[in-house]
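To convert, note that position 5 of the sequence shown is 54 in the working numbering; the numbers rise steadily by one, no gaps.
Cβ atoms here follow ideal geometry from the backbone N, Cα and C, with glycine treated the same way.
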Amino acid sequence: MTEERAMNDPSNLSQAPGRHPSAALRPLLWVLLAVGIAGNVVVSRTGVNVIANVMLGLLAVGSAAALIVQHYKTRRR
């Protein structure tokens, strides 16, 4: 693929202007946050297992923290 064509290829995310390389990670982090919160609610309501509750809570907190860190790293000033 020629260099000019590679720069104009919309599927080439690494060359997209203004996009941070970790921008593709953001949707995954949002899904993990939603799964962690929903799973935590379900497990805590049913009282199935404390370890599952803690693990899902850590998943939610970790993905929220990663989203916050990514926001501050990629924001425009």
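message: Check for me: the alpha helix (DSSP H) holding residue 106 runs from which residue to which?
response: Here residue 106 refers to the residue found at position 57 of the sequence shown. For residue 106, the enclosing alpha helix (DSSP H) stretches over residues 99–123.
- prompt: Closest to residue 83 by CA distance: which of 121, 106, 95 is it?
  reply: Numbered from 1 along the sequence shown, position 34 holds the residue referred to as residue 83. The option with the nearest alpha carbon to residue 83 is 106.
field: Distance between residue 97 and residue 117 (C-alpha atoms, nearest Å)
entry: Walking along the sequence shown from the start, residue 117 turns up at place 68. Walking along the sequence shown from the start, residue 97 turns up at place 48. Going from the Cα of residue 117 to the Cα of residue 97 covers about 30 Å.
field: First through last residue of the alpha helix (DSSP H) which encompasses residue 75
entry: Counted from its first residue, the sequence shown places residue 75 at position 26. Its alpha helix (DSSP H) spans residues 75–95.
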